[in-house]
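Below is one structure, written out as structure tokens; comments come after it.
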Amino acid sequence: MSAIEHRFGPYGGQYVPETLMPALAELELAWAGALADPAWTAELAELLRDFAGRPSTLYRARRLSDHAGRPIFLKREDLNHTGSHKINNALGQALLARRMGKTRIIAETGAGQHGVATATACALLGLECIVYMGVEDTRRQMPNVQRMELLGARVSSVEAGSGTLKDATSEAIRDWVTNVGDTHYIIGSVVGPAPYPALVRELQRVIGDEARAQLLEREGRLPDRVVACVGGGSNAMGIFAAFVDDPDVQLIGVEAAGEGILTGRHGAPLTAGNRAGILHGSMSAIMQDADGQIVEAHSISAGLDYPGAGPEHAWLRDSGRATYVAVSDADALRAFALVTRLEGLLPALETAHAFHHVLEEPSESTMDLLCLSGRGDKDLGQVLDKLGAEEL
Amino acid sequence: MSAPEARRVPFGTHPSGTHQHSAAGGEQRIAAAFGKPGRRAALMPYLMGGFPDLDRSRGIGEAYADGGADLVELGVPYSDPLADGPVIQAAGTRALRSGATLDGVLGVCEALAPRLPVVLMVYANVVYARGVQAFTAALRDAGASGLIVPDLPLEEAPLVLEACDASGLALVPLVAPTSPDERMGRIGARARGFLYTVSVTGTTGERVALEDAFGPIVTRAKAHTHVPVALGFGIATPEQARAAADAGADGVIVGSRLVRAAAEHADDPAGAVRDIVAGLAAGLHA
Chain S
461 MSAIEHRFGP
471 YGGQYVPETL
481 MPALAELELA
491 WAGALADPAW
501 TAELAELLRD
511 FAGRPSTLYR
521 ARRLSDHAGR
531 PIFLKREDLN
541 HTGSHKINNA
551 LGQALLARRM
561 GKTRIIAETG
571 AGQHGVATAT
581 ACALLGLECI
591 VYMGVEDTRR
601 QMPNVQRMEL
611 LGARVSSVEA
621 GSGTLKDATS
631 EAIRDWVTNV
641 GDTHYIIGSV
651 VGPAPYPALV
661 RELQRVIGDE
671 ARAQLLEREG
681 RLPDRVVACV
691 GGGSNAMGIF
701 AAFVDDPDVQ
711 LIGVEAAGEG
721 ILTGRHGAPL
731 TAGNRAGILH
741 GSMSAIMQDA
751 DGQIVEAHSI
761 SAGLDYPGAG
771 PEHAWLRDSG
781 RATYVAVSDA
791 DALRAFALVT
801 RLEGLLPALE
811 TAHAFHHVLE
821 EPSESTMDLL
831 CLSGRGDKDL
841 GQVLDKLGAE
851 EL
Chain F
82 MSAPEARRVP
92 FGTHPSGTHQ
102 HSAAGGEQRI
112 AAAFGKPGRR
122 AALMPYLMGG
132 FPDLDRSRGI
142 GEAYADGGAD
152 LVELGVPYSD
162 PLADGPVIQA
172 AGTRALRSGA
182 TLDGVLGVCE
192 ALAPRLPVVL
202 MVYANVVYAR
212 GVQAFTAALR
222 DAGASGLIVP
232 DLPLEEAPLV
242 LEACDASGLA
252 LVPLVAPTSP
262 DERMGRIGAR
272 ARGFLYTVSV
282 TGTTGERVAL
292 EDAFGPIVTR
302 AKAHTHVPVA
312 LGFGIATPEQ
322 ARAAADAGAD
332 GVIVGSRLVR
342 AAAEHADDPA
352 GAVRDIVAGL
362 AAGLHA
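Pasting the structure below:
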């Protein structure tokens, strides 16, 4: 066994059909081999630099800092090629798939950002690509559906359940069970059976590693708080990873409160703090009923509309190292409008949840670092619908 | 670790070294169901508990027994069944919508258990939601003989295995065509009741003409365990059932074909499945 974690405290594990177990072992072995291969790591570094546009900039938000009364630094993952942090993971896993000799790639997507990133990586490397997307999400994220199809991917619309990210992920896993011989599943977040949660974190930690160095060089200090939105939690895990060993830096994950935690219509399993359970192959914080049936999440943002969160987040919560809060649909929409007007930045609705917490909730922090995980062009139609032009 | 040699031992007897647990009531009942004279392989139809509703699912189970089933695999409907194809998935969704609960399905188990051994099929989260000990105790009280958890591989199974052993339930593990020999050996050594052998790389569902593929997987499975080998996934017709027996399977599991029949004959699902089960049973006569 390689050193990659299978468990985070009581969370994680590999709760999948036997058919997939050898593929998970193969993936773990390939990952260890790739990391030890200078040619592989050099190719990934080159693609991240020249294709994706890394390092992403660290920007001191001018008017948002004035608004909040403290400096707010934004890690600009929205400036990456394809418009979000998802490309970091997609490029890494696509290179890994090629190394394993897999010719067919499957992925799930909620907001479409991971689907677009995966379709892009597959176009670049000449791999067949099928993206599973809930039927509800194909409607609210149409521009990303069109983008994936232009990139040569096949978008498979999933009607089961609530037609959102959970159902797309279940369908992708079923595809993998059937086609595991020639197929690699590029999971989009720090969720799923081991080794995925740790593997995706390692591919995303470039966010935190860069931001920490950039801030130290520029300000000579670390932030008081690192804040990121959490659906599955890959951008948050990526930026947290570099600061976990800095005890004075507070780590805050922002989930979707949807219509309110008490209504049950939310996407905030970490904040709600209910009984742990198994979803998509790992034990973690999930949303379920008394019988253990997974319940439907709700969020205005497709990327946070998920009834689970990565197992490492559940452990960071339990161990007290990170704190999780939730922001409602309405507050996220207001933050979206505020950031756009004040700073000239159009954040993804997912990120707007984190912005609300930083900009509107009282804090004694003297400096914040926020992961601007993606751009919000994909959300325009929905935001204009909900807000009405006059409020913008 | 080397694979154990293929060997033929009477079912219900346990080679030393692989079994150190005490209670084994469920296992003995399962073993008896596999060892019936006049039968080339035991017939184990799958029943989706609560589909189309609890009452009618109990009736379907009775029809399985009437049609000649030797055991029944009773499924607990689940919101995210990762190992199931579209037919069983849809039936599960329908069962949940019509109000099926774990306790409701255990009621079906209790009703069927006097007639034939019931092996419950349930996804791991439902077991953990109830609590592993409480779950196996409830299962034992409902008269079940065994438990299948399709998303609980060897590495995650110890806790549930211990609870099953303590409750006299057989925890039936799965092997798949993708399982390497060494791994199959480790799974087979810890098997209780029977070894659920997945015939194809894929989810549950009917498939055309895969009889040719049965031989290798059955042979491999039998070489790696001391318990009966039951073949499932994709077996729908008497011809396929016979081919499974020809390949050496000790048992045959039929699921989607029967669930589809129940769905297509909403007026009389029990009658529809009784005929199919009788046909399958006839195909397995020695």
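Respectively, the protein sequence lines represent chains S and F. Count along the first sequence from 1, add 460, and you get the number used in this note's numbering. Count along the second sequence from 1, add 81, and you get the number used in this note's numbering. For every residue, glycine included, the Cβ atom is placed at its ideal position computed from N, Cα and C.
The residues L504, L663, in chain order, have a CB closer than 7 Å to that of G552 of chain S in the same chain once the five nearest residues on each side in sequence are set aside. Under DSSP, C589 of chain S takes part in a beta bridge, and its partners are S:I565.
At least one beta carbon of chain S lies nearer than 8 Å to the beta carbon of E236 of chain F. Annotation for G360 of chain F: P319 place their beta carbon closer than 7 Å to its own, counting only its chain and skipping 5 residues before and after.
Given a length threshold of 4 residues, each whole run of the alpha helix (DSSP H) inside the stretch 507 to 591 of chain S is given here in chain order: 522 to 528, 546 to 559, 573 to 585. Taking a 10 Å sphere around the C-beta of H307 of chain F, we find 16 or more other C-beta atoms and assign the residue as buried. With distances taken between CA atoms, T826 of chain S lies nearest to S:D684 out of S:V843, S:D684, S:P807. Following the DSSP letters along the chain, one finds V186 of chain F inside the alpha helix (DSSP H) bounded by residues 183 to 193. Residue burial annotation: V650 of chain S is buried, with at least 16 other C-beta atoms found within 10 angstroms of its C-beta.
A distance below 8 Å between beta-carbons, with the five flanking residues on each side excluded, links E821 of chain S to the following residues of its chain, in chain order: V785.
Between the C-alpha atoms of R536 of chain S and K562 of chain S there is a straight-line separation of about 32 Å. Residue nearest to G224 of chain F within the set F:L242, F:P198, F:E243, F:C245 is F:P198 (criterion: CA-CA distance). DSSP places A223 of chain F outside both helix and strand once states are collapsed to three, so it counts as coil.
Taking a 10 Å sphere around the C-beta of D705 of chain S, we find fewer than 16 other C-beta atoms and assign the residue as exposed. Neighbours of P477 of chain S in chain F, taken as residues whose beta carbon is under 9 Å from its own, are L163, A164, P231, D232, P234, L255, A257, V279, T284 in chain order. Contact holds between the stretch 590 to 604 of chain S and the stretch 566 to 577 of chain S, because three or more Cβ pairs, one in each stretch, are under 8 Å apart.
Within the same chain, and ignoring the five residues on either side of L585 of chain S in sequence, the residues whose Cβ sits closer than 6 Å to its Cβ are A554, R558. Only exposed fits P498 of chain S, as fewer than 16 other CB atoms lie within 10 angstroms of its CB. Per DSSP, the beta bridge partners of Y277 of chain F are F:L255, F:A311. In this structure, A632 of chain S keeps its C-beta atom at 8 Å or more from the C-beta atom of I565 of chain S.
C689 of chain S is a Cβ neighbour of V714 of chain S, given a cutoff of 8 Å. In the three-state reduction of the DSSP assignment, H816 of chain S falls in the helix class, which pools H, G and I. Note on R678 of chain S: under 16 other CB atoms within 10 angstroms of its CB, so exposed under the neighbour-count rule. Going by C-alpha positions, A583 of chain S is about 22 Å away from A490 of chain S. Against chain F, the beta carbon of I633 of chain S has neighbours under 7 Å at L163, listed in chain order. The three-state reading of DSSP puts V637 of chain S in helix, counting H, G and I together. In the DSSP assignment, H726 of chain S is bridged to no other residue. A check of alpha carbon separations from L587 of chain S across S:M560, S:A528, S:P603 identifies S:M560 as the nearest. Going by C-alpha positions, T643 of chain S is about 10 Å away from I590 of chain S. In terms of beta-carbon proximity, T182 of chain F lines the interface with chain S, with at least one pair separated by less than 8 Å.
Look at P261 of chain F: its C-beta is under 8 Å from a C-beta on chain S. For V595 of chain S, not one C-beta of chain F is nearer than 8 Å to its own C-beta. If the five residues before and after A351 of chain F are omitted, its C-beta is found closer than 6 Å to the C-beta atoms of G140, I141, A144, all from its own chain and listed in chain order. Contact between T284 of chain F and V637 of chain S is confirmed by a C-beta separation of about 6 Å, below the 8 Å threshold. Burial is judged here by how many other beta carbons sit within 10 angstroms of a residue's own beta carbon; H346 of chain F has fewer than 16 and is exposed.
Taking CB atoms only, D751 of chain S has a neighbour in chain F less than 8 Å away.
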